[in-house]
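Heads up: the structure comes next, in structure tokens.
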Amino acid sequence: MKIRLKTTVVSVLMLAALIVLWIPASVNAQDLSLEQAIALAIDGDPWLEGSYQRELASREKSVVAATLPDPKISIAVANMAADSLEFDQEPMTQLKISYSQMFPRGDTRELRQRQLMALSQRHPYMREDREAKLRLAVSEQWLDAYRFRETIRLIEQDRQLFEHLVDVAESSYTTAVGNTRQHDLIRSQLELTRLDDRLTTLHQMQETSIANLGKWLADDISAGTDLPSQLPLIELKNASPDFSRHPAILGQEEEISAGTTAVELAKQQYKPQWGLNLGYAYRDDDPMGNERSDFVSVGLSFDLPIFTGNRQDRQVKAAIAEESASKTDRALALRDMRAGYLSASKRLERLDQRIALYRARLLQEIHEQAEASLNAYTNDVGDFSEVIRSRIAELNANIDFLNIQVERLKTVSQLNYFLTRSSAANREPTP
Numbered sequence: 000m001k002i003r004l005k006t007t008v009v010s011v012l013m014l015a016a017l018i019v020l021w022i023p024a025s026v027n028a029q030d031l032s033l034e035q036a037i038a039l040a041i042d043g044d045p046w047l048e049g050s051y052q053r054e055l056a057s058r059e060k061s062v063v064a065a066t067l068p069d070p071k072i073s074i075a076v077a078n079m080a081a082d083s084l085e086f087d088q089e090p091m092t093q094l095k096i097s098y099s100q101m102f103p104r105g106d107t108r109e110l111r112q113r114q115l116m117a118l119s120q121r122h123p124y125m126r127e128d129r130e131a132k133l134r135l136a137v138s139e140q141w142l143d144a145y146r147f148r149e150t151i152r153l154i155e156q157d158r159q160l161f162e163h164l165v166d167v168a169e170s171s172y173t174t175a176v177g178n179t180r181q182h183d184l185i186r187s188q189l190e191l192t193r194l195d196d197r198l199t200t201l202h203q204m205q206e207t208s209i210a211n212l213g214k215w216l217a218d219d220i221s222a223g224t225d226l227p228s229q230l231p232l233i234e235l236k237n238a239s240p241d242f243s244r245h246p247a248i249l250g251q252e253e254e255i256s257a258g259t260t261a262v263e264l265a266k267q268q269y270k271p272q273w274g275l276n277l278g279y280a281y282r283d284d285d286p287m288g289n290e291r292s293d294f295v296s297v298g299l300s301f302d303l304p305i306f307t308g309n310r311q312d313r314q315v316k317a318a319i320a321e322e323s324a325s326k327t328d329r330a331l332a333l334r335d336m337r338a339g340y341l342s343a344s345k346r347l348e349r350l351d352q353r354i355a356l357y358r359a360r361l362l363q364e365i366h367e368q369a370e371a372s373l374n375a376y377t378n379d380v381g382d383f384s385e386v387i388r389s390r391i392a393e394l395n396a397n398i399d400f401l402n403i404q405v406e407r408l409k410t411v412s413q414l415n416y417f418l419t420r421s422s423a424a425n426r427e428p429t430p
């Protein structure tokens, strides 16, 4: 009887090992690959559409900024006799038509157009940066969902093993065959309960990660959506870091350019604003039929910006401060990008070392330890608790190895974001 029970344990463990090694090759028709998720997120991102519209708006405003203000025309009757309202009674009675045109200060039109063009040219870079950030965010959420799904699969496979072990322990204990003790039975049941708790927590985390992924995919993800059975291949970009060509930095440089133009624009307020006035006044013949001369007038108007302390001077100072703030933002972004790249690079190096260690030694050694504890138990030189402990250690090692692989892919995704280089310099907006 004792031999049959231990043979059952060995058979169960061998079957469980085969189940763990077997991975379904088929992919469900609803499986959502990482690249599909990224493509759906980018195609359905409303921010990108808003960026196109804001760029078009800035370009249209730049055309308006380069145009002269609309002229003004006025028509009036002047100096008409109040007693008779006759147009030809008094010699100063006139029908006046005047035309006036204002001219912006200095190079205001050209500078304002340049400023708006610089603001519009930020958007292609901002869209590139947005797409790179979307790729990173979706990759991280997708990989988290995959990690939780695969961890659940590993635990559920081992849970079947532990259920059989509990049955074997109960049978051995109740029949008093073998050296199974009461605390072995309690320990095996406790480990099964712990696995159930882990599964509950993991299901919650998986649901949260799917919900977070759905934030980027909107209505393109459903409750029945599943993920492929294999980890995706995410390759590290073969490029040396050049953060000055990153779209986020180039977008900030366009903002700095707009700020520099804003300073020049503020300085134009020291120059006068000119206006041209043209007038023509028609006079009727006098009551005797004698012809009266019509009048023509020409005039210039301009303001005198001589009290500049609380207006022009402060406008220039404000524009200079905003330009300096933009330069500071760029410097901080470069610093954060360099630090993030270096941190991710070191993390990738250590993760690669851990993966190599797990593949070369650790997984094999833990498996051998589990097999040795089983052999010792079947040969009456080991106890049942050690079999349980070794199997839990092997399960945790497999989960740790999965986590390391996922963290490596997330780190590669982060590095690829930092290595993004812009190609949007001459890209035109889409209407």
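Numbering (numbering that gives the first Met the number 0) for the sequence shown: 0 to 430.
Backbone N, C-alpha and C define an ideal beta-carbon position, used for all residues, glycine too.
Please name the residue, chosen from the options, that lies closest to residue i on a Cα-to-Cα basis.
i    : options                  : result
E34  : V315, L55, P231 and D106 : P231
T66  : A40, Q112, L84 and P90   : Q112
N237 : I354, R186 and N415      : N415
I74  : Q368, S83, G278 and Q267 : G278
R291 : A77, M91 and D42         : M91
L235 : E48, A40, N374 and L408  : L408
Y51  : E127, L31 and P70        : E127
H366 : S389, N374 and S384      : S389
In this structure, how does DSSP classify residue i when only helix, strand and coil are distinguished?
i    : result
I74  : strand
K270 : coil
N276 : strand
Q93  : strand
D30  : strand
R426 : Note that R426 scores a pLDDT of 49, beneath 50, so its modelled location is shaky and nothing firm can be said.
F301 : strand
S412 : helix
F102 : strand
F294 : strand
D196 : helix
D69  : coil
L225 : Just to set this straight, residue 225 is Asp in the shown sequence, not Leu. Residue state, collapsed to three classes: strand.
What separation, rounded to the nearest whole angstrom, lies between the Cα atoms of residue i and residue j?
i    : j    : result
L55  : V63  : 13 Å
P286 : D87  : 6 Å
N397 : A343 : 24 Å
P68  : Y124 : 32 Å
W21  : K132 : Summary for W21: the model assigns pLDDT 41, below 50, so the residue's position carries little reliability; its value from the coordinates is reported in the next sentence. Answer to the nearest angstrom: the Cα atoms are 36 Å apart.
L249 : F147 : 38 Å
A80  : E89  : 7 Å
H122 : R53  : 8 Å
T259 : R353 : 50 Å
D382 : E149 : 31 Å
R420 : H245 : 5 Å
S372 : I391 : 12 Å
L333 : G274 : 47 Å
R58  : S228 : 48 Å
K345 : L135 : 18 Å
L264 : T107 : 6 Å
M336 : Q120 : 22 Å
N27  : I37  : With a pLDDT of 45 at N27, under the threshold of 50, the modelled position of that residue is not reliable, and no figure is offered here.
F242 : A324 : 20 Å
L191 : D166 : 11 Å
D157 : D196 : 14 Å
E364 : L401 : 17 Å
D293 : P103 : 32 Å
So, under 8 Å CB-CB, residue i and residue j are touching, yes? Tell me the CB distance rounded to an integer number of Å.
i    : j    : result
I151 : Q205 : 7 Å
L94  : Y281 : 4 Å
I255 : K326 : 6 Å
L394 : L153 : 7 Å
P240 : Y340 : 6 Å
Taking the Cβ atom as the reference point for each residue, do residue i and residue j lie within a distance shorter than 8 Å?
i    : j    : result
V297 : V262 : no
A46  : R129 : Before going on, a small fix: residue 46 reads as Trp here, not Ala. For W46 and R129, yes; Cβs fall inside 8 Å.
N276 : S422 : no
I319 : Y357 : no
I387 : R186 : yes
Q267 : F301 : no
T410 : L347 : yes
Q159 : S208 : no
L212 : V137 : yes
A338 : L118 : no
V405 : L142 : yes
L31  : Y145 : no
E162 : L198 : no
S61  : L115 : yes
R329 : E252 : yes
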